[in-house]
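Going down the list, the protein sequences come from chains U and Y.
Using my numbering, read the first sequence as starting at 37 and increasing by one per residue.
Using my numbering, read the second sequence as starting at 37 and increasing by one per residue.
Heads up, the beta-carbon is just placed ideally off N, CA and C, and yes, glycines get one too.
There are 2 protein chains.
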Amino acid sequence: MATATRASVAVNATDVADQIRAAIFAGELVPNQRLVEADLAEMYGASRGHVRTALSELTVEGLVERIQNRGARVRSVPVEEAIEIVEVRSALEALCAARAATRITDAEAEELRQIGRSMQAAVETGDQAAYAQGNTDLHSTLIRLSGQKTAAATIDRLRAQAVRFQYRLFAKPGRSQQSLPEHLAIIDAVCAREPEEAARAMREHLMSVGAAIEESVRSGS
Amino acid sequence: MATATRASVAVNATDVADQIRAAIFAGELVPNQRLVEADLAEMYGASRGHVRTALSELTVEGLVERIQNRGARVRSVPVEEAIEIVEVRSALEALCAARAATRITDAEAEELRQIGRSMQAAVETGDQAAYAQGNTDLHSTLIRLSGQKTAAATIDRLRAQAVRFQYRLFAKPGRSQQSLPEHLAIIDAVCAREPEEAARAMREHLMSVGAAIEESVRSGS
DNA sequence: TGTGACAAAATTGTTTACAATCAGTTCCAT
DNA sequence: ATGGAACTGATTGTAAACAATTTTGTCACA
Chain U
37 MATATRASVA
47 VNATDVADQI
57 RAAIFAGELV
67 PNQRLVEADL
77 AEMYGASRGH
87 VRTALSELTV
97 EGLVERIQNR
107 GARVRSVPVE
117 EAIEIVEVRS
127 ALEALCAARA
137 ATRITDAEAE
147 ELRQIGRSMQ
157 AAVETGDQAA
167 YAQGNTDLHS
177 TLIRLSGQKT
187 AAATIDRLRA
197 QAVRFQYRLF
207 AKPGRSQQSL
217 PEHLAIIDAV
227 CAREPEEAAR
237 AMREHLMSVG
247 AAIEESVRSG
257 S
Chain Y
37 MATATRASVA
47 VNATDVADQI
57 RAAIFAGELV
67 PNQRLVEADL
77 AEMYGASRGH
87 VRTALSELTV
97 EGLVERIQNR
107 GARVRSVPVE
117 EAIEIVEVRS
127 ALEALCAARA
137 ATRITDAEAE
147 ELRQIGRSMQ
157 AAVETGDQAA
167 YAQGNTDLHS
177 TLIRLSGQKT
187 AAATIDRLRA
197 QAVRFQYRLF
207 AKPGRSQQSL
217 PEHLAIIDAV
227 CAREPEEAAR
237 AMREHLMSVG
247 AAIEESVRSG
257 S
């Protein structure tokens with residue numbers, strides 16, 4: 037733990053991109069923070085050329101913003117766009133939930149119900165971290181069970197852009213009490229192998245997430 | 037028109053990426069075709085460095101595939117993935133259609149109906165090119181009217197990956213006769229400002245596109 | 001005190017040269 | 001003939017040097 041911000045050494049452009057992406061995801065690099073090539077090169081033990089192409093790639097992914105001759109910054113996603121992202125995720129995760137409902141095996145259904153039980157327990161004991169973990173597990177499990185790799189990749193990319201707002205949301209008191217029944221409804225529908233209902237429940241859940249983001253911004257700042 | 041494959045001169049990495057993207061879209065660069073850096077550099081009048089970062093960006097976009105020390109190729113999208121792409125587009129364009137239905141003005145509705153009329157005329161006169169144009173116009177207009185930029189960008193990126201299959205489809209005899217009523221149903225629903233029905237019609241249409249791709253591949257090769 | 005011109009520093013953009021790797025070929029021993 | 005070691009040409013990977021640009025700092029002057 038000598039160098040706090042560096043997990044492992046990056047050798048090529050892809051590695052550097054991965055590290056920067058992880059740092060943004062972890063909140064170590066915050067929106068609008070300048071990304072000076074020389075600094076990043078030293079920090080990750082890579083050449084400046086590698087850092088440069090990594091920044092190009094991250095720009096395509098929408099995580100980084102570049103201005104000619106004025107360098108790169110962590111892109112600050114405006115609220116309106118964050119809501120758009122949730123709306124798109126809503127459509128895609130609804131698709132995934134529906135597909136999961138048509139493909140799920142009995143063993144996988146049990147796995148899903150287990151996630152539901154642990155989320156319920158987390159709400160009862162007031163363990164926010166455990167609830168957040170359950171939330172992540174549920175969404176990623178459904179995406180995996182859908183077998184839709186294109187949707188999975190798209191959702192991943194979009195979610196990375198909106199990390200900033202995810203944190204805000206879990207900090208909101210009473211949020212988990214509200215979203216728990218939504219999550220359980222999704223699990224029930226998928227386990228009951230009802231694609232239409234699973235999609236509907238997922239859409240409803242993510243629309244509520246969108247509304248919560250909108251509201252938290254309206255009141256927060 | 038001295039150099040057939042080059043439209044304008046590329047000076048930086050973004051320009052090169054644009055040119056290569058356009059060439060792939062136009063079918064000048066076909067799947068699995070090798071992309072030799074030195075050749076591209078000469079062809080587009082750019083340095084090899086710029087070509088290199090352009091290839092990195094296009095790899096992130098999913099248009100190009102790179103293998104370490106063995107260069108870049110135009111990525112060949114397998115059929116299964118093309119179907120996934122249509123499925124994702126189905127979810128996203130349904131979202132756009134629904135949003136368009138809630139936001140559309142009278143003038144925009146007339147614009148949409150006009151597209152419908154020209155598509156109908158194209159089918160009656162057997163003008164395939166005009167029908168393809170109408171198809172493009174309709175989809176892009178709905179996406180624009182939705183005001184959902186995130187969805188728009190995502191759809192664009194996905195469609196670029198699946199160009200190969202779009203061509204195939206329009207070559208199929210009787211395809212336009214089948215899809216015309218689907219298109220008209222979408223237009224009617226959006227103009228009637230019925231989001232649910234618009235989304236349903238769009239989903240149905242794109243599912244039929246997916247089925248047609250699957251079938252054309254099954255029989256074609 | 002404020003403002004403009006100028007100089008210096010920091011940073012990014014671009015090119016070039018060189019190193020590493022791979023595919024194909026030749027050639028020799030078996 | 002056959003298999004493999006060594007060679008060759010083509011191509012990609014890497015780094016470092018240089019050029020261009022922006023930003024920051026300084027100072028004279030109103």
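Query raised in the report: Can you list the residues of chain U that Y/E123 reaches, using a CB-CB cut of under 8 Å?
Result: L131, Q184, T186, A187
Query raised in the report: Whose CA, out of Y/V199, Y/P217, Y/V253, lies closest to the CA of Y/E64?
Result: Y/V199
Query raised in the report: Does the distance from the C-beta atom of U/I249 to that of U/V122 stay below 8 Å?
Result: Against a cut-off of 8 Å, the Cβ pair of U/V122 and U/I249 comes out as a contact.
Query raised in the report: Taking Cβ to Cβ, would you say U/I140 is nearer than 8 Å to U/R236?
Result: Contact: no.
**Report entry** Within the stretch 162-201 of chain Y, ranges of the beta strand (DSSP E) (whole runs, at least 3 residues)
**Finding:** none
Query raised in the report: Is it true that the stretch 98-113 of chain Y meets the stretch 196-215 of chain Y, where meeting means three or more beta-carbon pairs spaced less than 8 Å apart?
Result: yes
**Report entry** Inter-residue spacing [alpha-carbon to alpha-carbon] between Y/L25 and U/Q55
**Finding:** Residue 25 of chain Y lies beyond the range of chain Y shown here (37 to 257); nothing can be said about it.
Report task. Give me whichever residues DSSP pairs with U/I56 in a beta bridge. Result -> According to DSSP, which records beta bridges pairwise, U/I56 is partnered with nothing at all.
Query raised in the report: Of the choices Y/R153, Y/A136, Y/R180, Y/I179, whose alpha-carbon is the least far from that of Y/Y167?
Result: Y/R153
Query raised in the report: Could one say the Cβ of Y/L344 lies closer than 8 Å to chain U's Cβ atoms, at least one of them?
Result: Shown here, chain Y extends from 37 to 257; a query on residue 344 of chain Y therefore has no answer.
Report task. Report the residues of the stretch 83-112 of chain U with a CB closer than 7 Å to any CB of chain Y, ordered along the chain. Result -> T89, S92, E93, V96, E97
Query raised in the report: Counting pairs of Cβ atoms below 8 Å between the stretch 123-139 of chain U and the stretch 117-133 of chain Y, do you hit three or more?
Result: yes
Query raised in the report: For Y/E97, does the count of other Cβ atoms within 10 angstroms reach 16, so buried, or fall short, so exposed?
Result: buried
Report task. Within its chain, find whatever has a CB closer than 6 Å to the CB of Y/Q69; leave out the 5 residues flanking it on each side and keep chain order. Result -> Apart from the 5 residues on each side of it in sequence, Y/Q69 sits with its Cβ closer than 6 Å to the Cβ of V110 in its chain, given in chain order.
Query raised in the report: Apart from the five residues on each side of it in sequence, which residues of its chain come closer than 7 Å, Cβ to Cβ, to U/A137?
Result: Excluding sequence positions up to five before and after U/A137, its CB lies within less than 7 Å of the CB of A225, V226, R229, E230, P231, A234, all in the same chain and listed in chain order.
Query - Closer than 8 Å to chain Y by CB, U/E73 - result: Not one chain Y Cβ lies under 8 Å of U/E73.
Query raised in the report: Within 7 Å: the Cβ of Y/E120 and any heavy atom of the ligand PLP?
Result: As presented, the structure is devoid of all ligands, the ligand PLP included, so that no description of it is given.
**Report entry** Short CB-CB distance (under 8 Å) between Y/A49 and chain U
**Finding:** Closer than 8 Å to some Cβ of chain U, the Cβ of Y/A49 qualifies, so yes.
Report task. Could you pull out every residue in the same chain whose Cβ sits closer than 7 Å to the Cβ of Y/R88, ignoring the five residues on either side in sequence? Result -> E73
Query - Residue range of the beta strand (DSSP E) that includes Y/L102 - result: Just to set this straight, residue 102 of chain Y is Arg in the shown sequence, not Leu. Per DSSP, Y/R102 belongs to the beta strand (DSSP E) from 100-103.
Report task. Going by CA-CA distance only, name the one from U/G170, U/N48, U/D192, U/A118 that's closest to Y/N105. Result -> Answer by Cα proximity: U/N48.
Query raised in the report: With DSSP run on the structure shown, which of helix, strand or coil describes Y/L216?
Result: helix
Query raised in the report: Skipping 5 residues on each side, what residues in its chain have a beta carbon closer than 6 Å to that of U/E101?
Result: R109, R111
Requested in this report: Could you list which residues in chain Y have their beta carbon closer than 7 Å to that of U/T190, in chain order?
Outcome: V124, T190
Query raised in the report: Are the beta-carbon atoms of Y/A53 and Y/L94 separated by less than 8 Å?
Result: yes
Query raised in the report: Which of helix, strand or coil does DSSP assign to U/A228?
Result: coil
Query raised in the report: Shortest alpha-carbon distance to Y/Y203 belongs to which of Y/A134, Y/A165, Y/G107?
Result: Of the candidates Y/A134, Y/A165, Y/G107, the one whose C-alpha sits nearest the C-alpha of Y/Y203 is Y/A165.
Query raised in the report: Under the three-state reduction of DSSP, which class applies to U/R106: helix, strand or coil?
Result: coil
Requested in this report: Step through the CB atoms of chain Y and report whether any lies within less than 8 Å of the CB of U/E250.
Outcome: no
Report task. Counting only the same chain and skipping the five closest in sequence on each side, list residues whose C-beta sits under 6 Å from that of U/R239. Result -> Closer than 6 Å at the Cβ level, and outside the excluded window around U/R239, lie S126, A130.
Query raised in the report: So which of U/D192, U/P209, U/L220 has the shortest CA-CA distance to U/Q150?
Result: U/L220
Query raised in the report: How many Å lie between U/G107 and U/L71 at the Cα?
Result: 7 Å
Report task. Measure the beta-carbon distance from Y/S83 to Y/A90 and round it to whole angstroms, keeping in mind my assumption that it falls under 8 Å. Result -> That belief does not hold up - the Cβ atoms of Y/S83 and Y/A90 are roughly 11 Å apart, past 8 Å.
Report task. Select from Y/R193, Y/T177, Y/G162 the residue whose C-alpha is nearest the C-alpha of Y/A207. Result -> Y/G162
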